[in-house]
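J.: Before I ask anything, here is the structure I am working with.
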Amino acid sequence: MSEPSGAMAHSASDVNPADVGPLLGGLSAPLAAVSTRAGDVSNAQIAVAITAASIVPQRPRLIVQIYHTNFTHGLIASSGVLAINFLESSQLPLIWQLGMHSGRDGDKLEDVGHALGATGSPLLEGCYGYLDCRVVNAMDGGDMTAFLVEAVAARTNGGGRMTWREARPRLPKRWADEWDRKIAGEIDVSLGTMSAIDPGAWSRRPGG
Ligand SMILES: Cc1cc2nc3c(=O)[nH]c(=O)nc-3n(C[C@H](O)[C@H](O)[C@H](O)COP(=O)(O)O)c2cc1C
Numbered sequence: 012m013s014e015p016s017g018a019m020a021h022s023a024s025d026v027n028p029a030d031v032g033p034l035l036g037g038l039s040a041p042l043a044a045v046s047t048r049a050g051d052v053s054n055a056q057i058a059v060a061i062t063a064a065s066i067v068p069q070r071p072r073l074i075v076q077i078y079h080t081n082f083t084h085g086l087i088a089s090s091g092v093l094a095i096n097f098l099e100s101s102q103l104p105l106i107w108q109l110g111m112h113s114g115r116d117g118d119k120l121e122d123v124g125h126a127l128g129a130t131g132s133p134l135l136e137g138c139y140g141y142l143d144c145r146v147v148n149a150m151d152g153g154d155m156t157a158f159l160v161e162a163v164a165a166r167t168n169g170g171g172r173m174t175w176r177e178a179r180p181r182l183p184k185r186w187a188d189e190w191d192r193k194i195a196g197e198i199d200v201s202l203g204t205m206s207a208i209d210p211g212a213w214s215r216r217p218g219g
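Here the sequence shown stands for residues 12 to 219, numbered as in this note's numbering.
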């Protein structure tokens, strides 16, 4: 195989984090609870890595990035469905409940009001709105999977939409400190796994 040429020849060592922060930090980062249900197990986690991926209004598609280490990842891989519940500005406590704890350690939705949507995924009460989706493809990123999903149901409830940029300064100090500690650990895990990409992960998923 020939060597990559031009800009592609640069390695990650050419990247200065001080330059990357302002560039990636300026990208839109919605705050959502990504929920799913596999068998009789429901779960939801917080995600900001969510991007629109279709220009066809009646066929909304998105890309949702979920880390391999999350409990939600295995549930989505086996169910093939997820719902994106966009948070309303009053739902700050969900960042702590769903984003700083794992469903492996207990039922995170036990005291979070929800109903099951068309795909079986939990639709959380009080959200700005939701997209109930089926996974149509996936790409492995070593440390995360980028799921391409298509919405089969959508609803805007209204209220104020929460973004990570406006929510972050509102976090109580204890939550912010815990977040800094958690993300530092996850960056270490990613550094060890993000080069080990499985190109056929989705085609060999359980139940696939
Ligand atoms: C503000 C915020 C943004 C996050 N964004 C993502 C994301 O885009 N993708 C992801 O996989 N995890 C993201 N997380 C981390 C998960 O929500 C977190 O690890 C969660 O505890 C996983 O829960 P689970 O093990 O029950 O799946 C985010 C967490 C927070 C607080």
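C-beta atoms are modelled at their ideal positions from N, C-alpha and C, and glycine is treated no differently.
Leaving out the 5 sequence neighbours to the left and right, which residues in its chain are closer than 7 Å to H125 when beta-carbon positions are compared?
T.: Excluding positions up to five away in sequence, the list reads P133, L134, L135, E136.
J.: Which runs of the beta strand (DSSP E) fall wholly inside the region 75-106 and span at least 3 residues, in chain order?
T.: Correct list: 92-97.
J.: Just how far apart, CA to CA, sit E14 and A157?
T.: Note that E14 scores a pLDDT of 40, beneath 50, so its modelled location is shaky; the value from the coordinates is reported in the next line. Each residue's alpha carbon lies about 27 Å from the other.
J.: What's the C-alpha gap between A64 and W190?
T.: Roughly 28 Å separates the two Cα atoms.
J.: In terms of residues, what are the limits of the beta strand (DSSP E) holding E136?
T.: That residue, E136, is in no beta strand (DSSP E); it is neither H nor E in DSSP.
J.: What residue range is occupied by the uninterrupted alpha helix (DSSP H) comprising T204?
T.: First-last of the alpha helix (DSSP H) with T204: 184-204.
J.: Shorter than 7 Å, the distance from the beta carbon of S113 to the closest heavy atom of ligand 1, or not?
T.: S113 Cβ: within cutoff of ligand 1.
J.: Give me the DSSP bridge partner(s) of G140.
T.: Answer by DSSP bridge pairing, in chain order: F97, T167.
J.: Assign G114 to one of two classes, buried (16 or more other C-beta atoms within 10 Å of its C-beta) or exposed (fewer than that).
T.: Per the 10 Å Cβ criterion, buried.
J.: How close, in whole Å, do the beta carbons of F97 and G140 come, if the pair is a contact with beta carbons under 8 Å?
T.: Confirmed, about 5 Å.
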